[in-house]
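S.K.: Have a look at this one before I ask anything.
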Amino acid sequence: MRPLRCYAPLFLLCAVTANSQQQNFDQVEIHTEPVQHNIYMLVGAGGNTTVQVGSEGVLMVDTQFAPLAPKLMAEIRKLSPGPLRYIINTHVHPDHVGGNAAIAKLAGSDPALPLKIIAQENVLNRLTATAPGQPAFPELGLPIDEYGTPTKNLHFNGEAIVIYHEPNAHTDGDSLVLFRGSDVISTGDIFTPGGYPFLDIERGGSVQGEIAALNHILQLAVPARTQEGGTYIVPGHGRICDDADVVEFRDMVVIVRDRIRNMIQKNMTLDQVKAARPTLDYDTEYVTKGSFVTADRFVEAVYKSLSHATEPGGPAR
Amino acid sequence: MKIVFAALLVCAPAFAQVDFSGSWAPLYHEDLPDRIPGPELGDYLGLPLNEAARLRADSYDADRISVVPEYQCRPHSADYSMRGLANMRVDVIRDPVTQRAVAFHTRITFQEMERTIWLDGRPHPSEYAPHTWQGFSTGAWEDNMLDVFTTHLKESYLKRNGVPRSDKATFTEHWVRHGDYLTVATVVTDPVFMTEPLVRTQTWVLDPAQVIARDICETVSEVPKAADYVPNHLPGTNPFLHEVADWYGLPYEATRGGAETLYPEYRKKMEKPEHPRDRCERYCSCGAEGQVCLSPTSAPPKR
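Line by line, the protein sequences are chains L and Z.
Per the working numbering, the very first residue in the first sequence carries number 133; after that it's consecutive.
Per the working numbering, the very first residue in the second sequence carries number 20; after that it's consecutive.
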């Protein structure tokens with residue numbers, strides 16, 4: 133089995149892919165789940181990939197790992213023979229950007245129909261940062277159509293697509309992608325039902341930003357009758373969801389935040405907080421065998437995020 | 020001759036199939052205080068809860084329903100809906116050509132809950148498909164009983180006092196018709212919050228004159244709140260958890276639930292209540308001989 137390469141700015145994130153390194157990608161099958169209208173969710177071994185298809189071609193949100201690129205493209209070709217025109221990366225982690233270059237290479241190049249790779253500018257900054265002795269991120273896969281504004285708009289395959297920057301949530305470069313016509317939101321790892329959110333504090337993530345981003349998803353999503361359906365949500369990992377599922381997840385993050393904040397106010401140390409098990413009632417739901425974000429890791433991230441926020445110069449959000 | 024007989028067997032209506040169609044009025048003689056006025060806060064007696072479920076329920080603050088708009092128009096989930104204000108109409112969906120029953124479709128008044136129980140052998144959706152309040156149900160006949168298996172449920176509750184039921188739960192039902200009575204036994208399995216399955220039964224009576232009216236709900240933001248506020252009790256701070264023990268003269272430990280409180284043997288080892296009551300003062304005649312559930316007037320003993 134070929135081990136995964138960890139690109140220079142991401143070497144600390146190789147832990148994200150630790151489980152994947154144990155996997156044989158030959159055994160991975162890509163599952164295509166229809167979401168709504170012309171939107172599909174492709175599930176493989178990395179984060180979920182969202183695919184929009186139509187008369188103008190194909191748009192992808194996130195590309196999983198490089199070794200899966202041929203299988204991903206094969207599934208996409210079952211949905212559309214059209215040119216791949218856009219890749220949008222929701223954030224910097226390798227299970228979401230790892231396939232960029234391989235996908236771009238497989239998609240080919242047509243000067244009249246160029247492929248654009250879009251991400252919030254902090255993603256590009258981190259991918260191009262160099263660390264001694266580490267391979268650079270492949271140039272072909274860099275999101276050089278980066279944006280630095282709060283939103284970026286596209287119109288593709290007959291619908292408006294709005295990309296929102298969610299500051300300091302899961303990382304400092306998170307994007308939500310709203311398919312306004314199809315009524316679908318692709319969230320990246322801001323929302324991961326079935327697993328605690330990975331608050332990547334080292335890369336600008338914070339619990340308050342995470343809650344703000346989840347609330348923004350709830351603002352954008354409009355449930356249909358009986359508070360279900362309507363806007364569908366493609367999470368970073370896990371099954372297709374809707375507004376009600378995000379509410380449960382948001383409530384969990386808020387309640388755990390409240391508990392840990394209360395413990396910090398009582399001057400409890402991180403070890404004391406971990407020992408108090410403030411996530412006990414959520415662990416059976418959000419931690420499974422092999423979970424990347426364990427209960428302790430989540431508690432530690434929330435604790436550090438809240439502690440940092442109270443320090444002079446800490447993030448305001 | 021044998022061939023002719025075999026053909027007759029094939030063409031005849033399936034012996035086991037029972038028609039559940041019609042309007043059904045719920046009977047609340049089972050678990051009435053739980054189902055009509057609603058369960059007491061902190062009452063987990065008879066539920067096979069694990070430690071996680073207990074803490075989750077302890078943290079529940081009912082203000083969430085009014086403060087968080089997304090909760091206001093939620094229906095019950097399919098496993099609980101049969102226990103609520105469950106005036107129900109059942110229709111048969113038939114294949115227009117073969118006239119075989121393809122599914123039963125149910126509609127319950129509260130929040131206009133609609134559910135389909137497929138009888139045509141279709142598979143359940145993939146693990147990545149959306150979950151819904153009513154889940155995805157398939158049925159199969161076992162003599163005159165319809166066995167129903169439901170997956171793809173949204174996270175919801177086992178009781179309306181915050182006792183959780185996860186989206187990984189599944190449940191089996193057994194629908195049995197006895198003349199004008201319908202009994203549904205529900206067996207819920209939840210690997211996240213329960214240590215063993217929970218079995219509950221509900222009964223209806225046929226009521227052809229019943230009208231299943233509309234029940235339209237729109238969310239309204241009633242209480243100004245910060246965007247990151249979700250009402251909850253911090254661990255160890257819920258002031259209401261002893262009420263049920265004190266009101267009904269039960270040992271507090273028993274109200275905390277757990278699998279052993281499901282079984283009659285538990286009475287033998289049950290501790291004495293901290294505040295024994297010499298007479299019933301709360302919901303004493305609730306539902307008996309058709310009496311309504313009067314608002315409780317008694318306060319729990321001072322602690």
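Think of the CB as a built atom: it goes at the ideal place given N, C-alpha and C, for glycine as much as any other residue.
Being a predicted model, the structure only gives us computed values, none of them experimental.
1) Rounded to whole angstroms, what's the CA-CA distance from ALA188 of chain Z to VAL211 of chain Z? Just pull it up for me.
2) Can you list, in chain order, the residues of its chain with a C-beta nearer than 6 Å to that of GLY214 of chain L? Leave out the 5 residues immediately preceding and following it.
3) Helix, strand or coil for PHE381 of chain L per DSSP?
4) From ARG296 of chain Z to ILE392 of chain L, what distance separates their C-alpha atoms?
5) Could you tell me which residues DSSP puts in a beta bridge with TRP160 of chain Z?
6) Are any of the Cβ atoms in chain L nearer than 8 Å to that of LEU74 of chain Z?
7) On the premise that GLY368 of chain L lies in contact with ASN180 of chain L, defined as a C-beta separation below 8 Å, what is that separation, rounded to the nearest angstrom?
8) Ends of the beta strand (DSSP E) at ALA261 of chain L?
9) When the Cα of ASP38 of chain Z is compared with those of Z:ARG184, Z:ARG83, Z:GLY154, Z:LEU165, which residue comes out closest?
10) GLY94 of chain Z touches chain L at which residues, Cβ-Cβ below 9 Å?
11) Smallest Cα separation from ARG102 of chain Z: which of Z:ILE55, Z:THR151, Z:HIS193?
12) Could you check if ARG184 of chain Z is buried or exposed, using at least 16 other CB atoms within 10 Å of its CB as the buried criterion?
13) Provide the residue(s) that pair with HIS287 of chain L in DSSP beta bridges, ordered along the chain.
14) Please confirm whether ASP415 of chain L has its beta-carbon closer than 8 Å to some beta-carbon of chain Z.
15) At what residues does the alpha helix (DSSP H) containing VAL229 of chain L begin and finish?
16) Which residue marks the beginning of the alpha helix (DSSP H) containing VAL86 of chain Z, and which one marks its end?
17) Using a Cβ-Cβ cut-off of 6 Å (strictly less than) and excluding sequence neighbours within five positions of VAL195 of chain Z, which residues of its own chain qualify?
18) Can you give me the start and stop residues for the alpha helix (DSSP H) that HIS261 of chain Z sits inside?
19) Apart from the five residues just before and just after THR426 of chain L, which ones in its own chain have a Cβ nearer than 7 Å to its Cβ?
20) In this structure, does DSSP put ALA204 of chain Z in helix, strand or coil?
21) Alpha carbon to alpha carbon, what distance is there between TYR328 of chain L and THR274 of chain Z?
22) Which residue marks the beginning of the beta strand (DSSP E) containing MET192 of chain L, and which one marks its end?
23) TYR267 of chain Z: buried (16+ other C-beta within 10 angstroms of its C-beta) or exposed?
24) From what residue to what residue does the beta strand (DSSP E) around THR416 of chain L run?
25) Hey, is SER240 of chain Z's beta-carbon within less than 8 Å of any beta-carbon in chain L?
26) Where DSSP assigns a beta bridge to TRP152 of chain Z, which residues make up the other side?
27) From which residue to which residue does the alpha helix (DSSP H) around LYS248 of chain L run?
28) Give the single residue among L:THR416, L:ALA301, L:GLY230 whose Cα lies nearest to the Cα of ALA268 of chain L.
29) Going straight from the alpha carbon of ARG93 of chain Z to that of VAL309 of chain L, what length do you get?
30) With DSSP collapsed to three states, give me the class of ASN254 of chain L.
31) Which word fits ALA292 of chain L, buried or exposed, when buried means at least 16 other C-beta atoms lie within 10 angstroms of its C-beta?
M.R.: Once the coordinates are examined:
1) Spanning the two alpha carbons is a distance of roughly 8 Å.
2) Cβ within range, chain order: GLY189, VAL190.
3) Three-state result, PHE381 of chain L: helix.
4) So the two alpha carbons sit approximately 39 Å from each other.
5) For TRP160 of chain Z, the pairing in a beta bridge is given by DSSP as Z:LEU165.
6) So, interface residue.
7) About 6 Å; that satisfies the 8 Å criterion.
8) Careful: ALA261 of chain L lies outside any beta strand (DSSP E) and carries neither H nor E.
9) Per the Cα distances, Z:LEU165.
10) In the sequence under discussion, the amino acid at residue 94 of chain Z is Pro, which differs from the Gly named in the question. Simply THR358, GLN359, GLU360.
11) The shortest C-alpha separation from ARG102 of chain Z is found at Z:ILE55.
12) With 16 or more other Cβ atoms within 10 Å, it is buried.
13) Bridge pairing for HIS287 of chain L: L:ALA292 [DSSP].
14) It does; some Cβ of chain Z falls within 8 Å.
15) VAL229 of chain L -> alpha helix (DSSP H) spans 226–229.
16) It spans 83–86 - the alpha helix (DSSP H) in which VAL86 of chain Z sits, taken as one unbroken run.
17) Only MET164, THR202 meet the Cβ criterion.
18) Segment: none, HIS261 of chain Z is in no alpha helix (DSSP H) and carries neither H nor E.
19) Here the set comprises VAL419.
20) Note: ALA204 of chain Z maps to strand in three-state DSSP.
21) Cα to Cα, the separation comes out at about 31 Å.
22) Residues 189–193.
23) TYR267 of chain Z is buried by the Cβ-count criterion.
24) Note, THR416 of chain L: premise wrong, no beta strand (DSSP E); alpha helix (DSSP H) at 412–418.
25) No, SER240 of chain Z does not count as interfacial toward chain L.
26) Residue pairing by DSSP places TRP152 of chain Z opposite no residue, since no beta bridge is assigned to it.
27) Note, LYS248 of chain L: premise wrong, no alpha helix (DSSP H); beta strand (DSSP E) at 248–250.
28) Of all alpha-carbon atoms in L:THR416, L:ALA301, L:GLY230, the one lying nearest the alpha-carbon of ALA268 of chain L is that of L:GLY230.
29) CA-to-CA, the gap between ARG93 of chain Z and VAL309 of chain L works out to about 26 Å.
30) Note: ASN254 of chain L maps to helix in three-state DSSP.
31) Exposed is the call here.
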